[in-house]
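Undergrad:
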Amino acid sequence: MPMLYFLAPIPQEKGHEYMTAIAANLQAVRGRIARAAQAAGRDPASVALLAVSKTWPAEAVCEAAAAGQRAFGENYVQEGEHKAAALAALDLEWHFIGPLQSNKTRPVANAFDWVHSIDRLKIGERLSAQRDVHLPPLNVCIQVNVSGEDSKSGVAPDAARALALAVAALPRLRLRGLMCIPEPTDDDALLHRRFATLRALKDALVAEGLALDTLSMGMSHDLEAAIAEGATIVRVGTAIFGARAAAQAMATN
Ligand SMILES: *Cc1c(COP(=O)(O)O)cnc(C)c1O
8 MPMLYFLAPI PQEKGHEYMT AIAANLQAVR GRIARAAQAA GRDPASVALL AVSKTWPAEA
68 VCEAAAAGQR AFGENYVQEG EHKAAALAAL DLEWHFIGPL QSNKTRPVAN AFDWVHSIDR
128 LKIGERLSAQ RDVHLPPLNV CIQVNVSGED SKSGVAPDAA RALALAVAAL PRLRLRGLMC
188 IPEPTDDDAL LHRRFATLRA LKDALVAEGL ALDTLSMGMS HDLEAAIAEG ATIVRVGTAI
248 FGARAAAQAM ATN
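Under this note's numbering, the first residue of the sequence shown carries the number 8, and numbering increases by one thereafter.
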């Protein structure tokens with residue numbers, strides 16, 4: 008897909024009165040996070056917002072960055088790599104959150120600060136071997152399939168422990184925690200159970216001595232349930248940037 012990165016100057020005069028739609032959406036999402044954290048008796052600062060910019064051009068990322076957002080999530084290797092390079096001067100943090108094939112690990116190992124979607128050891132081994140020695144260790148999460156056979160990505164919950172222990176031992180990775188994407192559902196109780204499953208898996212690994220601090224769970228429609236169950240990173244796209252068009256959703260690696 009040809010992609011045009013047009014870096015428009017962001018108006019930043021003092022006392023600038025109206026907000027862009029992205030700035031207003033970010034403020035609304037931050038409000039949702041704060042209210043959900045307070046309702047759960049948690050410090051709102053314990054929940055980080057990852058802005059999922061997949062399919063949106065670099066100029067949308069610039070707009071979010073001008074509104075104070077630092078961490079961005081991408082699903083597609085080339086798209087994310089190009090955006091991170093185009094915006095290198097902004098010193099943003101880039102998270103890879105999509106499915107990862109083993110022949111695409113090299114650019115991900117070096118263009119990103121985090122990978123949320125390790126679901127097998129081979130991917131972890133390749134990321135560790137390919138991470139530039141001059142860069143700090145790559146922050147990673149294990150993606151767990153908390154919904155059973157209906158959903159495609161992630162390691163099965165009963166295999167998560169072994170994978171986590173093996174990934175934690177890789178020299179150029181720093182295992183931070185677990186990630187999940189529950190099946191789409193309007194059943195709030197089911198969502199809470201899925202997120203609680205991920206939290207219980209992480210708590211068990213911490214009890215075994217792994218220094219994990221991250222539960223990457225919750226998206227635009229379910230971040231409240233995820234925060235109630237302990238999310239430390241919510242990954243939000245639509246509520247910040249708007250609905251992704253069908254054509255954009257077809258963008259591939
Ligand atoms: C697209 C995506 C998101 C963001 O989803 P929204 O519903 O747009 O907030 C979060 N996590 C992953 C892994 C995604 O692919």
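Even for Gly, the Cβ is constructed at its ideal location relative to N, Cα and C.
1) Considering only residues of the same chain and omitting the five flanking positions on each side of residue 139, which have a CB-CB separation below 6 Å?
2) By Cβ distance below 8 Å, which residues in the same chain neighbour residue 148 in space, the five residues on each side in sequence not counted?
3) For ligand 2, any of its heavy atoms closer than 8 Å to the Cβ of residue 37?
4) Just grab the DSSP bridge partners of residue 148 for me.
5) Within 10 angstroms of its Cβ, does residue 111 collect 16 or more other Cβ (buried), or is it exposed?
6) For the alpha helix (DSSP H) that residue 167 lies in, which residues bound it at each end?
7) Can residue 124 be considered in contact with ligand 1, in the sense that its beta carbon sits closer than 8 Å to one or more heavy atoms?
8) Okay, do the region 207-220 and the region 162-180 touch, 3+ Cβ pairs below 8 Å being the bar?
9) Can you check which of these residues, 69, 78, 133, 132, is closest to residue 103 by C-alpha distance?
10) Measure the alpha-carbon distance for residue 155 versus residue 188 and round it to whole angstroms.
TA: According to the structure data:
1) 117
2) 121, 122, 123, 124, 125, 182, 183, 184, 185, 186, 221, 223
3) With respect to ligand 2, the structure offers nothing, as its ligand set consists of ligand 1.
4) 184
5) buried
6) 164-175
7) yes
8) yes
9) 78
10) 11 Å
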